[in-house]
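Please read the structure below before turning to the comments.
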Amino acid sequence: MSTIPFSQAKLIELNCLEPVFFASRELSDTYYTEGLLGNYALTYALGWVNSPYRLQGQATGRPTYKEDFQTIAQSCYILPASPIGRVTFRFERFNALSDAYWYTMTNNRVATAREDLPLQRQGKKPSSFRASNFPQTGRLRMIERGNKFQTLVFGNQQLPDYIRLGKFASKVKVNVLKEFPVTLLPPGEYQSQFYLNVADLPTQIEVFAFDLISIPPAPILKNLHFRGAAWQIGEMIVPAGLHYCGRENRNE
Amino acid sequence: MSIQKLSPVLATTYENFPKGRFITLIVIRTTQSETIFRTEGSGESMCNEFVQAGVTNDNIIQRLVMTKRKQVAPERRYGREHLRAHDLLFTNIKDNSICSLNTNAPCEMCVDCFLYGFAAGGGGAQKSRIWTEDAFSILPATDVVGDRTINAIYENGTMRDEKGNASTALNTSEYIKPGVHFLDVVTLKDVTTDELRYIIGNILFTSRYGAVSSRVGRMENQILGIFGSITELPSSLELVQATYDALGEPLEHPLNINRVITATKQVITNWQNRRGVSVQLSDEELTNLISDVETHWSEAERDTFLKRLSQSYEPFRQVAPDKNKGKGKGKNKNTPVEVEN
Ligand SMILES: [Zn+2]
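Going down the list, the sequences are from chains A and B.
Residue 245 in full-length UniProt numbering sits at position 245 of the first sequence, with consecutive numbering throughout.
Residue 53 in full-length UniProt numbering sits at position 53 of the second sequence, with consecutive numbering throughout.
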């Protein structure tokens, strides 16, 4: 850990110009967004790695973070974004609607085959009335418009003015607040103010205490108190050696 | 031909990976009748939000919001009506039914599926290449929302039925007044020339939005500007705020549409100098492009146009073609209904 892969870092602010939705958690028919922006989502949103328009075959069942990030891991990194102040949320109801003149809501399914209705009334189950395997109705808890987040971007990449985040491709404004050199601090006891992705932590650090936010694809830590080498960025401190899927790679 | 001026930012064919080609449409949407936009169902108030009035004017006002989903749903439907009419919706292999929105069965092969996307449970997914944004009213909600009392009378022409029971269908409900302007930014990613024509047609020809749209919700859309770039341009919110500043006083409903258009165009002229912008169509080029779109959608050319567009996806339709020869027929009378007990 004697070299620092990134000589500079930018503190950026992300301003939600639209409500942002990620399916972080599900409770009954309500889909919750946690109050943070995951760094893997940000990496795709910044356009550092390409994700295809159409997902087919294997790609639908398994995300390809490791393969995707491998190509850029040496040149850049971004931390999960933490809220500036308290996050506010809003709830919205969603209903799937059909493009047919006639439709009915069955067991979590919008059925449109009117000719199947008599069968259904006889207690039979035409396939067009079978339950859907993805939600057709429910409520969304979204990060409200106007919430601001901040995070650190490592490397020299030029950043776009706007990015799109979440299930509904919500527009988010990117403001670079300040640029800093990254300096390496010797092993010691440190506290990090930033949100950190568990999968990206170096294996060499000793962890004392943290708060855990459990979200997919990997849990996020905050208020991490650790012993190990650290990177200093202005007044801010993070563990040295943060790396996409770093923990996983080193375990192999 | 003005559409050719956009060719540096148009794709020559559908490709599965993004390539940083952005086309931005600036749209003004004007209500032509009473309109209802709600997020929480009937009885709730109109969809609105507190935002800063302008970029420089920092008063906080309540603006009406036309959410992105409220825009894209009717516009997709418009296009799908014509795909259906020209036999260009495909039959889904899972349950042999014709492509349908929000059911288990997107066909994954029609123009709509390729362009606006779908999320099928398990099979696959296609991201939309049309990024809409919540659009905002220029004027505050308090100026442009009205109240209406609904009293449903019985067939005997009174509020009481033959047994003398009073009608309970007495209610007040809010509506958006006619003549309200929403400003909107629509971003298209990696679209081809024909896809662009299809999308612009959907926007220009869709005329009903929002709740109970068979009775209310008439809306007129106009395109005020088209940009080509390698990045995204400012948001609808920033556009409406800058336009609000540019309009000057007095601001009261109904706003003269030409005054709004002049102010909006004045704002977006500055966008030409933004980082990443390579093309902005002039007014004349824009007019030419719109008439190009209208020609392609005309009675005489629509069938050829839609079929050519549909044909352009042929190399990407992975299922063996003989399985899909029944395209457009959908669930006809000969299709056996699968029954489970
Ligand atoms: Zn389809």
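C-beta: ideal position from N, C-alpha, C; glycine also.
This one's a predicted model, so the numbers in the text were calculated from it and none came from an experiment.
For the options B/Tyr244, B/Leu251, B/Ile3 and B/Met46, the alpha carbon positioned closest to that of B/Lys265 is the one of B/Tyr244. At least one heavy atom of ligand 1 is found less than 7 Å from the C-beta of B/Met109. Contact note: A/Pro118 does not reach chain B at a C-beta cutoff of 7 Å; the least C-beta distance is about 10 Å.
Remark: the C-beta of B/Pro106 is in contact range of ligand 1, defined as less than 7 Å to any heavy atom. A straight-line Cα-Cα distance of about 30 Å links A/Phe89 and A/Thr64.
Residue-level contact by beta carbon holds for B/Pro18 and chain A, with a gap shorter than 8 Å.
By the beta-carbon neighbour count (other beta carbons within 10 angstroms, threshold 16), A/His225 is exposed. Within the stretch 139 to 163 of chain A, those residues whose Cβ lies closer than 7 Å to any Cβ of chain B are, in chain order, Arg145, Pro160, Asp161 and Tyr162. Using a Cβ distance threshold of 8 Å, A/Leu212 and A/Leu37 do not count as a contacting pair. For the options A/Ser51, A/Glu92, A/Lys222 and A/Ala240, the alpha carbon positioned closest to that of A/Arg141 is the one of A/Glu92.
Taking a C-beta cut-off of 7 Å against chain A, the contacting residues of the stretch 210 to 241 of chain B are Thr231, Glu232, Ser235 and Leu237, listed in chain order.
In this structure, the beta-carbon distance from B/Leu88 to B/Cys113 does not fall below 8 Å.
Taking B/Asp292 as the centre and dropping the five residues before and after it, the same chain places the C-beta of Met1, Ser2, Ile3 and Arg197 closer than 8 Å to its C-beta, in chain order. Three or more beta-carbon pairs drawn from the stretch 231 to 249 of chain A and the stretch 195 to 215 of chain A are found closer than 8 Å, and the two stretches are therefore classed as touching. Distances taken from the Cβ of B/Asp87 to the heavy atoms of ligand 1 include none shorter than 7 Å. Counting C-beta atoms within 10 angstroms of its own C-beta, A/Pro80 has 16 or more neighbours from the protein chains shown and is therefore classed as buried.
Of the heavy atoms belonging to ligand 1, none sits nearer than 7 Å to the Cβ of B/Asp190. Looking at the backbone, the Cα of B/Asn273 and that of B/Thr24 are separated by about 14 Å. Within the stretch 116 to 137 of chain B, Gly117, Ala119, Ala120, Gly121, Gly122, Gly123, Gly124, Ala125, Gln126, Lys127, Ser128, Arg129, Trp131, Thr132, Glu133 and Asp134 place their CB atoms closer than 9 Å to a CB of chain A, listed in sequence order. The stretch 263 to 308 of chain B is shown to contain whole beta strand (DSSP E) runs of 3 or more residues at 277 to 280, in chain order. Contact between A/Arg139 and A/Cys16 fails: their C-beta atoms lie close to 19 Å from each other, not under 8 Å. For B/His82, the uninterrupted alpha helix (DSSP H) run begins and ends at Lys68 to Ala85, by DSSP. The DSSP-derived three-state label of A/Ser98 is coil. Fewer than three pairs of CB atoms, one per stretch, sit closer than 8 Å, so the stretch 296 to 306 of chain B makes no contact with the stretch 266 to 286 of chain B. Setting aside the 5 residues that flank it on each side, A/Lys171 is surrounded in the same chain by Leu17, Glu18, Tyr162 and Arg164, each with a C-beta closer than 7 Å to its C-beta; the list follows chain order. In the three-state reduction of the DSSP assignment, A/Ile84 falls in the coil class. For the stretch 191 to 205 of chain A, the beta-carbon criterion of a distance under 9 Å to any beta-carbon of chain B is satisfied by none of its residues. DSSP, reduced to helix, strand and coil, places A/Phe168 outside both helices and strands of the structure shown, so it counts as coil. With a threshold of 7 Å, the Cβ atom of A/Asp99 does not count as near ligand 1, since no heavy atom of the ligand is closer than that. Distances taken from the Cβ of B/Cys113 to the heavy atoms of ligand 1 include one shorter than 7 Å.
Taking the CA atoms as reference points, A/Thr33 sits about 47 Å from B/Met159. Listed in chain order, the non-local C-beta contacts of A/Ala100 below 6 Å within the same chain comprise Thr112, local neighbours out to five positions each way being set aside.
In terms of side-chain proximity, the C-beta atom of B/Phe90 is found nearer than 7 Å to a non-hydrogen atom of ligand 1. The criterion of a C-beta distance shorter than 8 Å is satisfied by B/Val216 and B/Tyr175.
A straight line joining the alpha-carbon of A/Ile78 with that of A/Ser192 spans about 15 Å. In this structure B/Lys19 is in contact with B/Asp190, their Cβ atoms being roughly 5 Å apart against a cut-off of 8 Å.
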